[in-house]
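Q: Numbering that gives the first Met the number 0 puts the sequence shown at residues 0 to 363. Okay, here's the structure, questions in a sec.
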Amino acid sequence: MKVDGKPYRTIWLAQDGTTVQVIDQTLLPHAFVVRDLRNVANAMNAIRNMVVRGAPLIGAAAAYGMALAMAEDPSDTMLARAYTELLESRPTAVNLRWALDDLRTLLAPLPPAKRRAAAYKRAAEICDEDVEICRRIGANGLALIRKLKPRGDRINALTHCNAGWLATVDWGTALSPIYQAHDAGLPIHVWVDETRPRNQGASLTAWELGKHGVPHTVIADNAGGHLMQHGQVDFCIVGSDRTTRRGDVCNKIGTYLKALAARDNGVPFYVGLPYPTIDWTISDGVAEIPIEERSAREVSHLTGRTDSGGMATVAVLPEGSPAANPGCDVTPARLVTGLITERGVCAASEAGLLALYPEQSRAA
Ligand code: MRU
């Protein structure tokens with residue numbers, strides 16, 4: 000996508016052929032800064048500290064993290080160490096494990112001298128593949144949007160967190176259909192949940208929709224149910240950090256509440272996701288997906304730009320009040336109207352997913 004007229008992906012290889020560059024998402028929307036990742040520790044910290052975030056981008060960054068590790072030291076010891084350390088950087092988005100497994104399977108049988116080149120090549124392929132997958136999710140989602148019967152003179156979508164191009168390599172998952180609808184001339188408008196505590200909606204989704212010229216309005220997380228009751232939401236669309244074999248969807252904390260409100264109000268609730276987000280090894284999302292417990296400080300403090308242009312962090316809790324911060328929740332498949340993938344749209348069920356991915360029929 001373009002930033003002030005210049006096309007960007009969220010991750011790319013620098014001119015030197017070794018350094019990986021990313022957009023620092025912790026500084027958006029107030030500053031656009033590109034960071035260099037020069038070694039595997041940089042890649043691990045970028046994932047852990049959410050300089051890069053969003054399930055598909057986490058996978059891409061992990062793939063390049065393995066390449067950086069092989070550039071440092073292509074030994075078996077480093078291969079094993081990089082795999083383990085990168086895997087521990089964030090627990091919920093399964094794209095991380097998918098990318099690491101892919102790279103390890105490729106690299107382990109190779110002689111060390113060939114690992115560096117092979118790792119960079121595969122990381123670049125994963126990025127290119129992600130762009131194409133997300134473009135297709137957008138096309139499949141656009142076909143759904145065209146069939147909607149909006150209640151007013153615009154099509155009102157509601158989204159949670161950031162599942163746009165910043166969360167992927169390009170296009171986004173949930174936002175790809177929105178961009179394609181907008182580009183096709185449909186009168187689409189997006190209600191953007193602010194997405195406390197880290198505000199990915201207010202800071203990232205609003206920023207990227209604004210840069211692309213998509214009409215949008217940021218709302219407090221608690222406003223969605225009210226808007227749905229008053230006919231102001233035609234469909235909800237979100238991304239996923241991990242989707243189980245039977246179609247349970249794990250995504251940013253608060254997604255589940257939106258799905259409940261959507262069900263109560265007859266609003267379709269769609270999830271956009273690429274195949275590496277499907278965890279075929281598990282079925283029951285509530286019981287089996289590890290939920291990231293993040294720092295209480297994300298709840299107790301807010302950071303933003305002051306009227307004078309500086310950045311400030313302020314406390315919003317009484318001193319001494321503890322805070323809890325589960326990072327994701329699980330929306331059971333029964334609340335999901337459809338899964339939008341690169342292969343098409345299916346019911347959120349094992350049968351629905353297997354109809355699109357028959358090669359997984361024999362998996363555990
Ligand atoms: O904690 P984050 O910002 O990495 O959470 C991101 C999300 O919850 C996204 O919705 C999800 O990763 C899908 S991204 C296309």
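The C-beta atom is built at its ideal place from N, Cα and C for all residues, glycine as well. Since the structure is predicted, the reported quantities are computational estimates derived from the model, not experimental observations.
Curious, which full-length alpha helix (DSSP H) runs of at least 4 residues does the segment 224 to 280 contain?
A: 254 to 263
Q: In terms of residue numbering, what span does the beta strand (DSSP E) encompassing Trp190 cover?
A: As a working mapping, residue 190 is identified with position 191 in the sequence shown. Where Trp190 is concerned, the enclosing beta strand (DSSP E) stretches over 187 to 192.
Q: Provide the residue(s) that pair with Asp35 in DSSP beta bridges, ordered along the chain.
A: Translated into the one-based positions of the sequence shown, residue 35 becomes position 36. Answer is Gln20, bridged to Asp35.
Q: Name the two residues that bound the continuous alpha helix (DSSP H) containing His181.
A: In the sequence shown, counting from the first residue as 1, residue 181 sits at position 182. 174 to 182 is the extent of the alpha helix (DSSP H) around His181.
Q: Determine contact between the segment 190 to 197 and the segment 217 to 237, defined as no fewer than three beta-carbon pairs at a distance below 8 Å.
A: yes
Q: With C-beta atoms as the reference, is Leu147 less than 8 Å away from Asp233?
A: Taking the first residue of the sequence shown as position 1, residue 147 is located at position 148. Taking the first residue of the sequence shown as position 1, residue 233 is located at position 234. Cβ distance < 8 Å, so Leu147 and Asp233 count as in contact.
Q: I need the straight-line Cα distance from Ile318 to Pro90, nearest angstrom please.
A: The count along the sequence shown starts at 1 and reaches residue 318 at position 319. The count along the sequence shown starts at 1 and reaches residue 90 at position 91. Checking the displayed sequence, the identity of residue 318 turns out to be Glu instead of Ile. About 30 Å.
Q: Who pairs with Lys113 in a beta bridge, going by DSSP?
A: Position 114 of the sequence shown, counted from the first residue, corresponds to residue 113. Answer is none; Lys113 lacks a bridge partner.
Q: Among Ala98, Ala346, Arg103, Ala70, whose alpha-carbon lies nearest the alpha-carbon of Glu128?
A: Walking along the sequence shown from the start, residue 128 turns up at place 129. Nearest of Ala98, Ala346, Arg103, Ala70 to Glu128, Cα basis: Ala98.
Q: Who are the Cβ neighbours of Ala122 in its own chain at under 6 Å, not counting the five residues just before and after it?
A: Numbered from its first residue, the sequence shown carries residue 122 at position 123. Correct list, in chain order: Ala62, Tyr63, Ala66.
Q: Would you report the Cα separation of Pro73 and Leu105, rounded to the nearest angstrom?
A: As a position in the sequence shown, residue 73 is number 74, starting the count at 1. As a position in the sequence shown, residue 105 is number 106, starting the count at 1. Approximately 13 Å between the Cα atoms of the pair.
Q: What residues are listed by DSSP as bridge partners for Asn155?
A: Counting from one through the sequence shown, the residue named residue 155 turns up at place 156. Looking at the DSSP assignment, Asn155 forms a beta bridge with His188.
Q: Need the endpoints of the beta strand (DSSP E) that Ala314 sits in, please.
A: Start at 1 with the first residue of the sequence shown, and residue 314 comes out as number 315. From DSSP, the beta strand (DSSP E) with Ala314 extends over 310 to 314.
Q: Is it true that the CB of Val50 sits closer than 8 Å to the CB of Val21?
A: Looking up residue 21 in the sequence shown gives position 22. Looking up residue 50 in the sequence shown gives position 51. In this structure, Val50 lies closer than 8 Å to Val21 by Cβ.
Q: Which word fits Ala311, buried or exposed, when buried means at least 16 other C-beta atoms lie within 10 angstroms of its C-beta?
A: Numbered from its first residue, the sequence shown carries residue 311 at position 312. Per the 10 Å Cβ criterion, exposed.
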